[in-house]
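Residue numbers (UniProt numbering): 1 to 167.
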């Protein structure tokens with residue numbers, strides 16, 4: 001059996017190696033008992049598939065749980081913004097400051113084309129790497145927006161690319 005253990009632990013055996021080891025060991029045991037080797041092999045393969053399927057499901061479940069935990073523990077850094085709590089029940093455009101008469105009310109809507117996963121990864125967009133595809137560094141966009149928001153409490157900002165908020 002030690003030989004079979006070494007075959008499996010070499011790293012190159014894969015599922016085919018598992019099958020061959022199972023086939024050899026179970027056929028020997030079954031033939032020694034006077035049984036049918038083919039039936040025992042099929043039973044072993046079914047059990048192996050169940051174990052692999054269960055292991056993969058557990059692995060994915062662990063990844064999902066770790067992702068949820070990591071997203072709740074993420075603390076934004078590098079920002080000098082001081083949070084203020086709005087006690088007003090209004091939300092959206094109703095929360096905007098009142099428009100002054102005889103003045104132009106301007107809403108700037110910047111579009112950065114930083115669609116995560118479309119051309120670049122989240123990190124590539126955030127740090128501005130692979131600028132041959134697109135020149136966008138989301139960290140600089142967010143830093144400049146925060147600085148401008150700090151200059152006036154009447155300014156508002158909505159950022160739809162929420163994947164970057166983890167950074």
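Where is the CB? At the ideal position from N, CA and C, for every residue including glycine.
If I follow the unbroken alpha helix (DSSP H) through residue i, where does it start and stop?
i           : result
residue 142 : 138-151
residue 123 : 122-127
Please say whether residue j and residue i have beta carbons closer to each other than 8 Å?
i           : j           : result
residue 126 : residue 139 : yes
residue 119 : residue 141 : no
residue 157 : residue 150 : no
Use the C-beta contact count for residue i: other C-beta atoms within 10 angstroms, 16 or more gives buried, fewer gives exposed.
i           : result
residue 124 : buried
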